[in-house]
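Participant: Line order of the protein sequences matches chains A and B.
Counting with our numbering, you get residues 1 to 338 for the letters of the first sequence.
Counting with our numbering, you get residues 339 to 556 for the letters of the second sequence.
Heads up, the beta-carbon is just placed ideally off N, CA and C, and yes, glycines get one too.
Note that this is a predicted model, so its numbers are computed, not measured.
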Amino acid sequence: MHATKRCEGCGIELSPALLACPACGRLVHAEKLRGLAADADGASAAGRTADAVAAWRSALELLPPGASQAEGVRARVEQLSKQLEGAPRAGMGKLPKWLAPLGGLGLLLWKFKFVLGFVLTKGKLLLLGLTKGSTFFSMLLALGVYWTLWGWKFALGFVVMIYIHEMGHVAALRQLGIKASAPMFIPGLGAFIRLKQYPASPREDARVGLAGPIWGLAAAFLAYALYLITEHGVFAGLAHAGALINLFNLIPVWQLDGGRGMRALAQRERWGLAALVAVAFFVTEEGMLLLLGLAVVWRAFEKAAPAESDRRAFLEFAGLIVALAVLCEIEVPGITAT
Amino acid sequence: MSDAQQAPLQFETAGTPTSASCGVCRQPIASSYYTLGTQIACERCKAQLELALNQRPGFAGLVKALALGSGAGLVGAAVWYGVRAATNYELGILAIAIGWGVGTGVMRGSGGRGGLGYQVLAVMLTYFWIAANYVPDLMAGFAEPGAGELAAAPAAVRLLVAVIGSLALPFAQGFENVIGILIIGFGLYQAWTITKHVEIGVAGPFSLAQATPAKPSA
């Protein structure tokens with residue numbers, strides 16, 4: 001029989017469900033917590049902010065939620081994750097000295113390097129995501145179902161667009177050091193990612209939530225660009241469908257991406273979005289905007305909205321609404337809406 | 339960060355050491371404690387909870403579950419129909435919302451106990467209300483010329499036929515409606531999982547008697 005664990009401080013029996021001794025308050029995982037704190041401090045000192053924030057997030061799981069240490073750790077996570085947000089991405093940085101004499105041409109070359117770096121790093125992430133069995137096989141299953149309904153070309157493009165949307169979330173989660181499962185496809189409903197750690201603040205939640213539609217928007221634009229180049233109707237259909245599903249995802253209810261984005265917005269920003277959606281609806285008469293608008297107005301009345309505004313989340317949300325509403329207007333030649 | 343937040347953290351104890359007390363009744367615990375999930379409880383509170391969970395809600399509970407589940411399903415079906423009528427979009431995710439609403443209603447009616455009987459009830463209600471959102475469309479179809487004898491039938495008869503017809507509708511298109519059937523399946527699954535019998539992890543008793551503290555590992 002397995003012996004019951006005893007508190008290292010006072011010696012009473014400890015339930016495996018507890019994170020602190022009910023009698024003396026000693027933390028059950030004190031040793032591990034000290035190790036994680038040391039790892040986090042070391043990583044911070046070495047400039048490895050992502051590792052530091054990941055260590056603090058792991059520490060948070062070992063602390064009772066109400067403990068004073070949990071508050072301190074959450075504050076550290078928030079501070080470090082803000083640093084991560086402002087950190088230069090791969091491929092970015094100052095213009096090297098050797099390119100400066102070339103003036104505008106040098107700048108253009110450097111910008112191209114950045115674009116190339118961006119495409120390569122994101123492309124690598126997209127390929128790496130496919131190595132996960134659960135993602136790949138559920139993707140194949142979804143492809144099979146959609147194939148039977150819409151033919152292989154549209155089905156393949158549709159699945160790829162959903163995948164890119166999900167990988168947007170994965171990229172944001174990785175950047176913030178939040179553990180999560182690989183994307184899993186559900187035919188008929190899209191795909192989902194299960195978070196293993198919760199975002200420490202509404203700001204983080206908004207970054208993760210809106211990253212999916214941002215990548216989804218990029219995929220829809222790519223499909224539209226391919227349509228303009230090839231004049232193949234399937235790409236127009238994909239651009240339209242991609243815009244529509246990402247717009248739907250912005251509805252701020254339940255677990256949808258818009259709900260996460262909305263958490264970070266102050267009341268006046270929510271009303272600003274409601275006004276924007278109203279204008280977009282009157283211009284485009286897109287039915288999805290009606291649903292989005294109703295949900296945004298409902299959330300604008302919410303008393304629990306943060307007092308502080310989040311300019312980046314607002315601009316991302318607003319930009320997505322405008323761009324997706326415009327893309328929804330794409331005419332799809334030769335394809336009947338399903 | 340404030341100075342307090344920047345201060346080095348100690349990982350010895352969580353808060354001020356105090357005597358163990360029950361997380362439910364707040365009374366001090368003298369000799370042994372239990373855990374209900376992650377909450378500490380005394381023997382009396384643990385016994386009360388077990389008793390409450392094991393009590394059968396009886397016929398009244400079943401009627402309440404039926405009423406609350408049906409109410410939630412009706413609202414869900416009306417929302418689904420309203421969304422379709424206003425936007426022309428068929429949002430399958432609303433099937434899951436109906437499953438969630440019905441499941442939550444049935445669970446509340448069961449007094450938070452759940453169990454196989456309530457799961458079956460929740461699944462049946464969910465299917466009924468998902469299908470029911472097509473009743474207005476079928477009724478409108480019956481009123482059109484070419485609907486045959488049904489057009490002349492009394493409204494109650496048309497309603498009955500529409501309700502029965504709506505139950506068969508998801509399968510009427512066969513494999514062409516594979517996504518629709520899958521979505522309904524997710525809605526039913528949602529109702530099924532919400533109404534599962536609640537298992538609270540009760541552990542214990544754990545003695546509060548102090549033994550020689552174990553040597554901390556290096």
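Less than 8 Å between the CB of A/Ile-251 and some heavy atom of the ligand SAH, yes or no?
Facilitator: The ligand SAH is not part of the structure shown, which contains no ligands of any sort.
Participant: For chain B, find out if any of its Cβ atoms is closer than 9 Å to the Cβ of A/Phe-248; answer yes or no.
Facilitator: yes
Participant: Hey, how far is the Cα of B/Phe-349 from the Cα of A/Pro-306?
Facilitator: B/Phe-349 and A/Pro-306 have their alpha carbons spaced roughly 31 Å apart.
Participant: A/Pro-64 versus chain B: which residues are under 7 Å apart at the beta carbon?
Facilitator: Ala-352
Participant: What is the rounded straight-line gap between the Cα of A/Thr-135 and the Cα of A/Ala-3?
Facilitator: 41 Å
Participant: How about A/Ala-182 and A/Gly-129: are their beta carbons less than 9 Å apart?
Facilitator: Remark: C-beta atoms of A/Ala-182 and A/Gly-129 approach each other more closely than 9 Å.
Participant: Return the chain-ordered ranges of every beta strand (DSSP E) run that is complete within the region 114–195 of chain A and spans a minimum of 3 residues.
Facilitator: 184–186, 190–192
Participant: Is the shortest distance between the beta-carbon of A/Trp-340 and the beta-carbons of chain B less than 9 Å?
Facilitator: Residue 340 of chain A is absent from the structure shown; chain A starts at 1 and stops at 338.
Participant: Could you please give the first and the last residue of the uninterrupted alpha helix (DSSP H) stretch that includes A/Tyr-227?
Facilitator: 202–230
Participant: Straight-line CA distance for A/Ala-67 to A/Gly-287?
Facilitator: 47 Å
Participant: For the alpha helix (DSSP H) that B/Pro-474 lies in, which residues bound it at each end?
Facilitator: Here the alpha helix (DSSP H) through B/Pro-474 covers 473–481.
Participant: Among the candidates B/Ala-510, B/Ile-431, B/Val-444, whose CA atom is the shortest distance from the CA of B/Val-458?
Facilitator: B/Val-444
Participant: Rounded to whole angstroms, how far is the Cβ of B/Ala-469 from the Cβ of B/Pro-508, which I believe are closer than 8 Å?
Facilitator: 7 Å
Participant: In the DSSP output, which residue or residues are listed as bridge partners for A/Val-332?
Facilitator: Answer is none; A/Val-332 lacks a bridge partner.
Participant: Return the chain-ordered list of same chain residues with a C-beta closer than 6 Å to the C-beta of B/Ile-521, the five sequence neighbours on each side being excluded.
Facilitator: Gly-430, Ala-433
Participant: Given B/Leu-546, which residues of its chain have a CB within under 8 Å of its CB, disregarding the five upstream and five downstream residues?
Facilitator: Ala-358, Ile-367, Ala-368, Ser-369, Ser-370, Tyr-371
Participant: CB-CB under 7 Å to A/Ser-138, same chain, minus the five flanking residues each way: which ones, in chain order?
Facilitator: Within the same chain, A/Ser-138 has close Cβ partners Met-184, Phe-185.
Participant: Chain B partners of A/Pro-333, CB-CB under 7 Å?
Facilitator: Ordered by position in chain B, no residue passes the 7 Å Cβ test against A/Pro-333, which lies about 20 Å from the chain.
Participant: Among residues of its own chain, excluding the 5 on either side of B/Thr-442, which ones have a beta-carbon nearer than 7 Å to its beta-carbon?
Facilitator: Taking B/Thr-442 as the centre and dropping the five residues before and after it, the same chain places the C-beta of Ala-410, Ile-532 closer than 7 Å to its C-beta, in chain order.
Participant: Inspect the beta-carbon positions of A/Asn-246 and A/Leu-222 and report whether they are closer than 9 Å.
Facilitator: no
Participant: Give a yes or no on whether the C-beta atoms belonging to A/Ala-200 and A/Arg-48 are separated by under 9 Å.
Facilitator: no
Participant: Just the Cα atoms here: how many angstroms apart are A/Pro-22 and B/Cys-380?
Facilitator: 12 Å
Participant: Find the residues of chain A that neighbour B/Leu-546, judging by a C-beta separation of less than 7 Å, and give them in chain order.
Facilitator: Ile-12, Ala-23
Participant: Starting from the beta carbon of B/Ala-416, find every residue of chain A whose beta carbon is closer than 9 Å, and list them in chain order.
Facilitator: The premise fails here: B/Ala-416 is roughly 15 Å from chain A at the closest Cβ pair, so nothing lies under 9 Å.
Participant: Which word fits A/His-169, buried or exposed, when buried means at least 16 other C-beta atoms lie within 10 angstroms of its C-beta?
Facilitator: buried
Participant: Count the other CB atoms within 10 Å of the CB of A/Trp-298; is the residue buried (16 or more) or exposed (fewer)?
Facilitator: exposed
Participant: May I ask which residues mark the beginning and end of the beta strand (DSSP E) holding B/Gly-542?
Facilitator: Run containing B/Gly-542: 540–545, per the beta strand (DSSP E) assignment.
Participant: Given a cut-off of 9 Å on the beta-carbon distance, is the pair A/Glu-329 and A/Ala-236 in contact?
Facilitator: no
Participant: For B/Thr-464 versus B/Gly-512, is the C-beta spacing smaller than 9 Å?
Facilitator: no
Participant: Any chance you could list the alpha helix (DSSP H) runs of at least 4 consecutive residues sitting entirely within the region 239–323 of chain A, in chain order?
Facilitator: The qualifying runs are 257–263, 267–284, 287–300.
Participant: Is the Cβ of B/Glu-514 closer than 9 Å to any Cβ of chain A?
Facilitator: yes
Participant: Taking A/Leu-33 as the reference, give the member of A/Leu-290, A/Glu-166, A/Cys-24, A/Ala-54 with the closest Cα.
Facilitator: Sorting A/Leu-290, A/Glu-166, A/Cys-24, A/Ala-54 by C-alpha distance to the C-alpha of A/Leu-33 places A/Ala-54 at the top.
Participant: Give, in chain order, every residue of the region 164–193 of chain A whose Cβ lies closer than 9 Å to some Cβ of chain B.
Facilitator: Ile-186, Pro-187, Gly-188, Leu-189, Gly-190
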